[in-house]
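**Student:**
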DNA sequence: CCTTCTATGTGCAAAAATTCACAATAGCTG
DNA sequence: CAGCTATTGTGAATTTTTGCACATAGAAGG
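Protein chains in written order, with my numbering: chain C, 48 to 259; chain Y, 48 to 259.
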């Protein structure tokens, strides 16, 4: 058994959510069992990779049969912490921010926004879904512990992002999802995940230019 | 010289945009020259990595001095194809779609939306910036060649994404930026880049759960 | 023009990740 | 219950990526 001997590689963690998407589909379609081969094809990866990734966490499969869809999905969710609810706050209620706030994928997966901050006076005081009121970012310090906010989502202009991140960290938030196209400096104890569309576009452009 | 002997690793390509962000800052701040060490620190990577990545494409630095900011940035842009203009179309004009459409980072980097598609009758016909009119996706086939669309951006609900991707490919689009949380099947000759926020969130949740 | 200083470019070793390939084993069949 | 089939779990081989460490070369100063 691998699971207790080695530490888990980062790429493995990044693939788990990838596996869970088709599994949800299969569950919905009432397919009871899936093989590493099928799942691999659905995700566009190598079957051995699927098996090895899963084996880090336990023996979820049955030899000669495959993986039971429902229980595998449950296991993956447990590993990723997706079986819990997570409380988020949003900083920056512009176009992107409000799209994120209204995004149903988030809530469906257990991520709920419980506070929204923006420094624009025209937005402060606006009442959103679930009775959430847009507040000035200076309220972060006080709101984080009170509302048990665990994850901060930054959707501000780039030049404000570092400052906002520091406010979040010092208020006790230890995980940040950053949509601003800058590199956030963070304390050792915290995690930052960056989403930068333009990086993806630049990748595309590079490969496209190569194609002919 | 490495450049003509070996093929370029994917991670290298993915880091180039990362380097370009701080370089833009440095250029704005009129810093003339930067060392691999400084640039590495700004990007949170290893200095040798910066040098090696850049060396794949040429000898851009001066020994004992460093890299000239302006010319390095220009080189990176040339490599990534960011020195050109790219013409995009957007499919799916919901919350996320409209946030993307209005996102200034895109235009600033040379990515311009020249068409928008959505199947919602309430949205079709709506006139947006630059005189772009929201059209039904069945117009994709005709619009792609006419408007010289090079990249398609998918911001539809997941269950429509595959169908839309196929329409784009068959219309001649060879690069797709996909925001729907599904794995797009694609022809050999095409490139797909996925942006899935919930994957990033699940990563965060995993690491957060690990922290204590 | 020679010496010193500094930071690049890169060969090489180490580490990490992927993939192969097969032994182990569960279920099925007769 | 023995033999067959299918598919897992995993050791070993392979490939890829990273990082060290240093020779190399440009610049500056005497």
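We treat Cβ as the ideally placed atom computed from N, Cα and C, and that holds for glycine.
#1: Against chain C, with Cβ distances strictly below 9 angstroms, would residue 111 of chain Y count as a contact?
#2: Considering only residues of the stretch 61-90 of chain Y, which uninterrupted alpha helix (DSSP H) runs meet the minimum length of 4 residues and lie entirely inside it, listed in chain order?
#3: Below 8 angstroms on C-beta distance, what does residue 242 of chain Y contact in chain C?
#4: Note down, in chain order, all residues in the stretch 155-167 of chain Y with a beta-carbon under 8 angstroms from any beta-carbon belonging to chain C.
#5: According to the neighbour-count rule (16 or more other Cβ atoms, all chains shown, within 10 Å of its Cβ), is residue 225 of chain C buried or exposed?
#6: Using a Cβ-Cβ cutoff of less than 6 angstroms, which residues in the same chain neighbour residue 241 of chain C once the five nearest sequence positions on both sides are dropped?
#7: Is the Cβ-Cβ distance between residue 81 of chain Y and residue 111 of chain Y less than 9 angstroms?
#8: Quick one: residues in its chain with C-beta nearer than 8 angstroms to the C-beta of residue 197 of chain Y, no 5 flanking neighbours on either side, listed in chain order?
#9: According to the neighbour-count rule (16 or more other Cβ atoms, all chains shown, within 10 Å of its Cβ), is residue 58 of chain Y buried or exposed?
#10: Is there at least one Cβ from chain C nearer than 9 angstroms to residue 141 of chain Y's Cβ?
#11: Check whether the stretch 204-215 of chain Y and the stretch 184-192 of chain Y touch, using three or more Cβ-Cβ pairs below 8 angstroms as the test.
#12: I'd like the list of long-range same chain contacts for residue 162 of chain Y, defined as Cβ closer than 6 angstroms, with 5 residues on each side in sequence excluded.
#13: If you check the beta carbons only, do residue 126 of chain Y and residue 153 of chain Y fall under 9 angstroms apart?
#14: Check whether the Cβ atoms of residue 230 of chain Y and residue 90 of chain C sit closer than 9 angstroms, and answer yes or no.
#15: With a threshold of 9 angstroms between beta-carbons, can residue 128 of chain Y be considered close to chain C, or not?
#16: For residue 237 of chain Y and residue 199 of chain Y, what's the separation of their Cα atoms in angstroms?
#17: Residues in the same chain with beta-carbon distance under 8 angstroms from residue 78 of chain Y, minus the five sequence neighbours each way, listed in chain order, please.
#18: Would you call residue 252 of chain Y buried or exposed, if buried means 16 or more other Cβ atoms sit within 10 Å of its Cβ?
#19: Considering Cα atoms alone, identify which of C/181, C/128, C/130 and C/151 is closest to residue 140 of chain C.
**Tutor:** Inspection of the coordinates gives the following:
#1: no
#2: 83-90
#3: 242, 244 and 247
#4: 156 and 158
#5: buried
#6: 225
#7: Not closer than 9 angstroms, so no.
#8: 133, 134, 135, 220, 221 and 222
#9: exposed
#10: Judged by the 9 angstroms Cβ criterion, residue 141 of chain Y is in contact with chain C.
#11: yes
#12: 136, 190 and 194
#13: By the CB criterion at 9 angstroms, residue 126 of chain Y and residue 153 of chain Y fall outside the cutoff.
#14: Yes. Within cutoff.
#15: yes
#16: Annotation: residue 237 of chain Y to residue 199 of chain Y spans about 11 angstroms, alpha carbon to alpha carbon.
#17: 116
#18: It counts as buried.
#19: C/181
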